[in-house]
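*Asks:* Before I ask anything, let me first share the structure, which is written out below as structure tokens.
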Amino acid sequence: MVSETDNLLVSVKDVRFAYGEREILRGIDLKVPRGKVVAIMGGSGCGKTTLLRLIGGQLRATGGTVEVAGRNVASLTTSELYEMRRRMGMLFQFGALFTDMSVFDNVAFPLREHTELPFGLIRDMVLMKLNAVGLRGAADLMPAELSGGMARRVALARAIALDPMLIMYDEPFAGLDPISLGVIGQLIRKLNDALGATTIMVTHDIMESLQIVDYIYFISEGRVVAEGTPDELRASQDPWVYQFIHAEADGPVPFHYPAAALDESLIGGRGA
Amino acid sequence: MRRTTLDLWVGFFVVIGMAALMFLAFKVGNLGAANAGETYVVSGQFDNIGGLKARAPVKSAGVVVGRVSDIRFDTKSYRAVVTLTLDARYQFPRDTIATILTSGLLGEQYVGLEPGGDEAMLKTGDKLQITQSAVVLEKLIGQFMFDKAAEGSAPAN
Amino acid sequence: MNGLLNVIRRLGAMVVEGVWRIGFAARFFMLLLRHSGQSLMRIHLTVREIYFSGVLSLLIIVVSGLFVGMVLGLQGYETLQRYGSGDALGVLVSLSLTRELGPVVAGLLFASRAGLAVTAEIGLMKTTEQLDAMDMMAVNPIARVVAPRFWGGVISMPLLAALFSAMGVFGGWLIGVVFIGVDDGAFWSQMQAAVDFRFDIMNGVLKSFVFGATVALIAVFEGYDCTPTAEGLSRAITRTVVTSALAILALDFVLTSLMFRGQS
């Protein structure tokens with residue numbers, strides 16, 4: 007599937023990024039074909055979220071290029087960038103719902119900001135989106151009254167309000183109970199297919215992801231260390247993938263933060 | 002629905018804020034009294050204005066009829082030029098006398114106008130011909146001491 | 031020696047940090063002005079913020095104004111009456127309120143009531159990624175969130191200060207005329223003779239406008255600039271109140287010396 011190069015929606019080439027001295031990404035290559043659900047996986051703090059922000063244009067790469075729909079994100083002007091973002095939906099880690107607005111107003115927000123549609127039409131569209139995530143009945147609640155899973159679904163409805171071509175998820179499964187987790191997982195797949203959109207999902211929940219995605223990239227220490235379809239990865243003997251899928255504590259991803267050998271520290275003493 | 006009650010409150014807030022401003026302007030300040038109507042401007046030269054300040058009241062028979070709008074030093078005559086802005090409702094003859102007076106013993110100084118008998122009235126740009134300077138307390142006391150001393154020494158002569 | 035060096039080093043770092051923040055705040059202000067047009071066009075956004083910063087501050091402003099005026103009435107009368115000029119109570123109360131106390135005290139109250147709330151709100155939106163989410167929805171958070179809150183504050187503050195002064199004069203009248211028995215006519219007429227509309231009242235309004243803009247700018251900036259953690263947020267809130275109070279007092283000195291120089 008990677009061979010369909012002209013059908014790529016997002017392509018990330020040799021991207022590097024650093025916060026000051028701290029290097030987060032050290033040459034990442036990703037290809038996301040249209041219509042697919044792609045997961046980016048890796049341990050906590052490996053730069054997955056940074057990668058999403060690079061694709062959304064909220065951060066600029068220090069090296070390499072990020073292309074969305076054939077255009078280099080870093081070369082866009084602010085208005086071009088905003089134009090592009092109207093066709094992107096992003097689900098933030100904890101939903102990031104506007105706390106001073108009701109569920110209805112949250113979902114209506116992008117529609118009201120970007121369209122001049124009459125009130126009745128907006129209402130119908132919002133209720134349709136809420137229906138798609140199963141929360142039409144919660145339209146009048148405030149975000150504070152929602153459970154974590156419900157808030158995530160409302161945020162999802164908001165992200166798809168403008169029928170985006172690209173939907174990005176930042177840790178959609180974090181902190182959810184198993185039932186909500188399954189619900190969100192199914193929604194991600196269904197919405198992608200129903201809208202004809204493309205999905206990039208950043209997560210570290212391997213079991214859920216293997217069931218719903220088309221392709222997976224593993225990232226560690228700022229590089230892609232493994233990639234493949236769920237079936238390929240399940241069969242993979244790559245120690246890195248094996249450790250991640252089978253959730254083993256030690257392996258290529260070390261349990262210990264880099265340090266001198268234990269006996270050396272204990273016998274030699276710290277001050278020596 | 003919620004937005005209309007909010008609008009109502011904001012409207013209420015703006016109205017009472019404006020009302021407070023109006024209250025300050027008309028009831029506390031003197032916008033209604035001296036500054037509102039039309040005015041005309043005259044000036045006069047004084048030998049000494051004492052402690053007179055810009056914005057001091059101009060009174061005639063104790064009624065405020067205007068304000069001192071400007072005080073300047075004239076380098077030709079070496080006298081103070083005081084510009085008075087007077088309410089157009091109050092007209093004064095051309096030979097009106099301007100005096101610098103003090104309210105109370107130590108109060109603020111103001112300009113007193115004493116109308117003369119001329120037929121023609123003052124108009125913008127006119128100069129008051131007859132002026133009386135401020136009474137400077139130090140000079141007055143000095144004079145008094147000098148007179149006393151003179152009185153004391155007179156019998157000896 | 032080492033300790034002294036450390037102190038100097040930390041002082042230097044603080045100065046550099048301060049200059050950095052001032053520069054950033056200035057750039058932020060320019061950005062804010064540039065995006066104000068589109069948010070002022072959608073006036074209901076600003077009206078909403080006038081509600082939060084103005085209407086919700088009404089009670090504290092009215093009550094404190096009344097009490098400050100009453101205290102001025104009591105204390106002022108005590109002192110004036112020793113020199114036999116109790117009638118000048120109206121002058122004392124109204125001049126101190128319109129020139130100084132109105133704008134300054136209303137500004138301090140405004141900073142701790144509305145300014146604090148604005149910083150907390152924007153800071154919380156930043157901490158919970160609401161600002162990022164808005165940005166990703168192609169809605170500029172400066173135009174949509176920051177600018178209306180700024181203009182709401184700028185509009186509310188002069189009205190609040192006027193209200194504070196008016197309530198104060200009323201409080202002074204209540205104590206002086208109703209309770210102590212200063213002559214009602216003398217109270218008002220002396221006041222009107224001494225207070226000049228343009229000079230005293232407009233300068234006071236100008237001051238309150240400057241304070242309002244300053245507090246509103248500090249509040250939105252601290253919220254927008256806060257470190258997105260619970261601790262960073264609480265620090266930003268503290269900084270809003272402290273910086274606003276210092277800025278109001280310092281600006282008051284500067285404005286007073288410019289406005290009332292050489293005048294009695």
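Those sequence lines, one after another, are chains V, Y and G.
For what it's worth, my numbering labels the leading residue of the first sequence as 7, then goes sequentially.
For what it's worth, my numbering labels the leading residue of the second sequence as 2, then goes sequentially.
For what it's worth, my numbering labels the leading residue of the third sequence as 31, then goes sequentially.
Every residue gets a Cβ at the ideal spot worked out from N, C-alpha and C, and that includes glycine.
Predicted, not measured: the structure shown is a model, and the values here were computed from it.
Return the CA-CA distance between residue 94(G) and residue 103(G), expressed in angstroms with no decimal places.
*Replies:* Counted from its first residue, the third sequence places residue 94(G) at position 64. Counted from its first residue, the third sequence places residue 103(G) at position 73. Approximately 14 Å between the Cα atoms of the pair.
*Asks:* Could you list the residues in the stretch 138–165 of chain G with a C-beta less than 9 Å from some C-beta on chain V, going in chain order?
*Replies:* From the stretch 138–165 of chain G, only 151, 154, 155, 158, 159, 160, 161, 162, 163, 164 and 165 have a Cβ closer than 9 Å to chain V.
*Asks:* Measure the C-alpha to C-alpha separation of residue 295(V) and residue 259(G) and round it to an integer number of angstroms.
*Replies:* No information on residue 295(V) is available, as it lies outside the stretch 7 to 278 that chain V covers here.
*Asks:* Within 10 angstroms of its Cβ, does residue 220(G) collect 16 or more other Cβ (buried), or is it exposed?
*Replies:* Taking the first residue of the third sequence as 1, we reach residue 220(G) at position 190. With 16 or more other Cβ atoms within 10 Å, it is buried.
*Asks:* So residue 117(V) is in the alpha helix (DSSP H); what residue range does that whole segment cover?
*Replies:* In the first sequence, the residue the question calls residue 117(V) occupies position 111. 109–120 is the span of the alpha helix (DSSP H), which, as asked, contains residue 117(V).
*Asks:* Would you identify the three-state DSSP class for residue 120(Y), choosing helix, strand or coil?
*Replies:* Taking the second sequence and counting its residues from 1, one reaches residue 120(Y) at position 119. It is coil, neither helix nor strand.
*Asks:* Does DSSP classify residue 143(G) as helix, strand or coil?
*Replies:* As a first step, residue 143(G) must be located in the third sequence, where it is residue number 113. DSSP places residue 143(G) in helix when its eight states are reduced to three.
*Asks:* List the residues of chain G that residue 14(Y) touches, going by C-beta distances under 8 Å, in chain order.
*Replies:* The count along the second sequence starts at 1 and reaches residue 14(Y) at position 13. Simply 80, 81, 84, 85, 88, 186 and 189.
*Asks:* Tell me which same chain residues have a C-beta within less than 7 Å of the C-beta of residue 243(G), skipping the five on either side of it?
*Replies:* For the purposes of this step, residue 243(G) is taken as residue 213 along the third sequence, with counting starting at 1. Closer than 7 Å at Cβ, skipping near neighbours: 184.
*Asks:* Are there three or more Cβ pairs, one per stretch, closer than 8 Å when the stretch 206–226 of chain G is compared with the stretch 149–169 of chain G?
*Replies:* The answer is no - the stretch 149–169 of chain G does not touch the stretch 206–226 of chain G, with fewer than three Cβ pairs under 8 Å.
*Asks:* May I ask you to list, following chain order, the residues of the stretch 52–76 of chain Y that have a beta carbon less than 9 Å from some beta carbon of chain G?
*Replies:* Hits within the stretch, in order: 52, 54, 55, 56, 57, 58, 65 and 68.
*Asks:* Quick one: complete beta strand (DSSP E) runs, 3+ long, within the stretch 69–114 of chain Y?
*Replies:* Entirely contained in the stretch 69–114 of chain Y, the beta strand (DSSP E) runs reaching 3 residues are, in chain order, 80–88 and 98–103.
*Asks:* Can you name the residues that DSSP bridges to residue 44(Y)?
*Replies:* Within the second sequence, residue 44(Y) is the residue found at index 43, counting from 1. In the DSSP output, where bridge partners are listed per residue, residue 44(Y) has 84(Y) and 128(Y).
*Asks:* Going straight from the alpha carbon of residue 66(G) to that of residue 83(V), what length do you get?
*Replies:* One-based indexing of the third sequence puts residue 66(G) at position 36. One-based indexing of the first sequence puts residue 83(V) at position 77. Taking the straight line from one Cα to the other gives about 20 Å.
*Asks:* Counting only Cβ-Cβ distances shorter than 9 Å, please list the residues of the stretch 116–142 of chain V near chain G, keeping chain order.
*Replies:* So the list reads 116, 119 and 120, given in the order they occur along the chain.
*Asks:* With a threshold of 7 Å on Cβ separation, who are the neighbours of residue 222(V) within its own chain once the five nearest residues in sequence on each side are excluded?
*Replies:* Counting from one through the first sequence, the residue named residue 222(V) turns up at place 216. Within the same chain, residue 222(V) has close Cβ partners 45, 47, 215, 233, 234, 236 and 239.
*Asks:* If you draw a straight line from the C-alpha of residue 35(Y) to the C-alpha of residue 214(G), how long is it?
*Replies:* As a first step, residue 35(Y) is located in the second sequence; it is residue number 34 there, counting from the start. As a first step, residue 214(G) is located in the third sequence; it is residue number 184 there, counting from the start. Model confidence at residue 35(Y) stands at a pLDDT of 49, short of 50, so the residue's coordinates are unreliable and nothing is read from them.
*Asks:* For residue 162(V) and residue 106(V), I'd like the C-alpha separation in whole angstroms.
*Replies:* For the purposes of this step, residue 162(V) is taken as residue 156 along the first sequence, with counting starting at 1. For the purposes of this step, residue 106(V) is taken as residue 100 along the first sequence, with counting starting at 1. Near 18 Å, if we compare the C-alpha coordinates of residue 106(V) and residue 162(V).
*Asks:* From the beta carbon of residue 168(G), is the nearest beta carbon of chain V less than 8 Å away?
*Replies:* Residue numbering aside, residue 168(G) sits at position 138 when the third sequence is read from its first letter. Yes, because at least one Cβ of chain V sits closer than 8 Å to the Cβ of residue 168(G).
*Asks:* With residue 234(V) as the anchor, note down where its beta strand (DSSP E) starts and where it stops.
*Replies:* For the purposes of this step, residue 234(V) is taken as residue 228 along the first sequence, with counting starting at 1. Looking at the DSSP string, the run of the beta strand (DSSP E) that includes residue 234(V) is 229–234.
*Asks:* So, for residue 45(G): in the same chain, excluding its five sequence neighbours on each side, which residues have a beta-carbon less than 6 Å away from its beta-carbon?
*Replies:* If you number the third sequence from 1, residue 45(G) lands on position 15. Excluding positions up to five away in sequence, the list is empty.
*Asks:* Does the beta-carbon distance from residue 15(V) to residue 32(V) come in below 8 Å?
*Replies:* Here the question's residue 15(V) lines up with position 9 in the first sequence. Here the question's residue 32(V) lines up with position 26 in the first sequence. Taking 8 Å as the Cβ cut-off, residue 15(V) and residue 32(V) do not qualify as a contacting pair.
*Asks:* For residue 15(V), report the span of its beta strand (DSSP E) as first-last.
*Replies:* What you label residue 15(V) is simply residue 9 of the first sequence in a count that begins at 1. Residue 15(V) -> beta strand (DSSP E) spans 14–25.
*Asks:* Return yes when the Cβ of residue 210(V) is within less than 8 Å of the Cβ of residue 49(V), no when it is not.
*Replies:* Reading the first sequence from its first residue, position 43 is the one you call residue 49(V). Reading the first sequence from its first residue, position 204 is the one you call residue 210(V). Result yes, Cβ atoms of residue 49(V) and residue 210(V) sit closer than 8 Å.
*Asks:* With a CB to CB cut of under 7 Å and the five nearest residues on each side skipped, what residues in its chain are close to residue 227(G)?
*Replies:* Counting from one through the third sequence, the residue named residue 227(G) turns up at place 197. The answer is none, since no qualifying residue turns up.
*Asks:* Using a threshold of 8 Å, state whether the C-beta atoms of residue 56(V) and residue 110(V) are closer than that.
*Replies:* As a first step, residue 56(V) is located in the first sequence; it is residue number 50 there, counting from the start. As a first step, residue 110(V) is located in the first sequence; it is residue number 104 there, counting from the start. No; because the gap between Cβ atoms is not below 8 Å, this pair is not in contact.
*Asks:* Which first and last residues belong to the beta strand (DSSP E) in which residue 175(V) is found?
*Replies:* Translated into positions along the first sequence, residue 175(V) becomes position 169. Here the beta strand (DSSP E) through residue 175(V) covers 172–176.
*Asks:* What is the rounded straight-line gap between the Cα of residue 175(V) and the Cα of residue 131(V)?
*Replies:* Position 169 of the first sequence, counted from the start, is the residue given in the question as residue 175(V). Position 125 of the first sequence, counted from the start, is the residue given in the question as residue 131(V). So the alpha carbons of these two residues sit roughly 22 Å apart.
*Asks:* State the DSSP-derived secondary structure class of residue 204(V), mapped to helix, strand or coil.
*Replies:* For the purposes of this step, residue 204(V) is taken as the residue at position 198 of the first sequence. If DSSP states are grouped into helix, strand and coil, residue 204(V) belongs with the strands.
*Asks:* Counting C-beta neighbours from all protein chains within 10 Å, is the total for residue 147(G) 16 or more, i.e. buried, or is it exposed?
*Replies:* Locating residue 147(G) in the third sequence gives position 117, counting from the first residue. It is buried - the Cβ of residue 147(G) has at least 16 other Cβ atoms within 10 Å.
*Asks:* Do residue 285(G) and residue 245(G) have their C-beta atoms closer together than 8 Å?
*Replies:* To locate residue 285(G), count along the third sequence from 1; it is residue 255. To locate residue 245(G), count along the third sequence from 1; it is residue 215. No; because the gap between Cβ atoms is not below 8 Å, this pair is not in contact.
*Asks:* Consider the C-beta atom of residue 230(G) and the heavy atoms of the ligand NAD; say whether any pair is separated by less than 7 Å.
*Replies:* Within the structure as shown, the ligand NAD is missing, as the structure has no ligands at all.
*Asks:* Which ranges does the alpha helix (DSSP H) cover as unbroken runs of at least 4 residues, wholly within the stretch 170–243 of chain G, from first to last along the chain?
*Replies:* Here the runs fully enclosed are 177–203 and 214–224.
*Asks:* Of all the CB atoms in chain G, is at least one closer than 8 Å to the CB of residue 98(V)?
*Replies:* If you number the first sequence from 1, residue 98(V) lands on position 92. Chain G contact via Cβ: present.
*Asks:* Can you check whether the CB of residue 132(G) is closer than 8 Å to the CB of residue 21(G)?
*Replies:* Only positions 31 to 294 of chain G appear in the structure, and residue 21(G) is not among them; the question remains open.
*Asks:* Using a Cβ distance threshold of 8 Å, determine whether the stretch 47–63 of chain Y contacts the stretch 248–263 of chain G, with at least three qualifying pairs required.
*Replies:* As far as the Cβ criterion goes, the stretch 47–63 of chain Y does not touch the stretch 248–263 of chain G, which means the pair count is below three.
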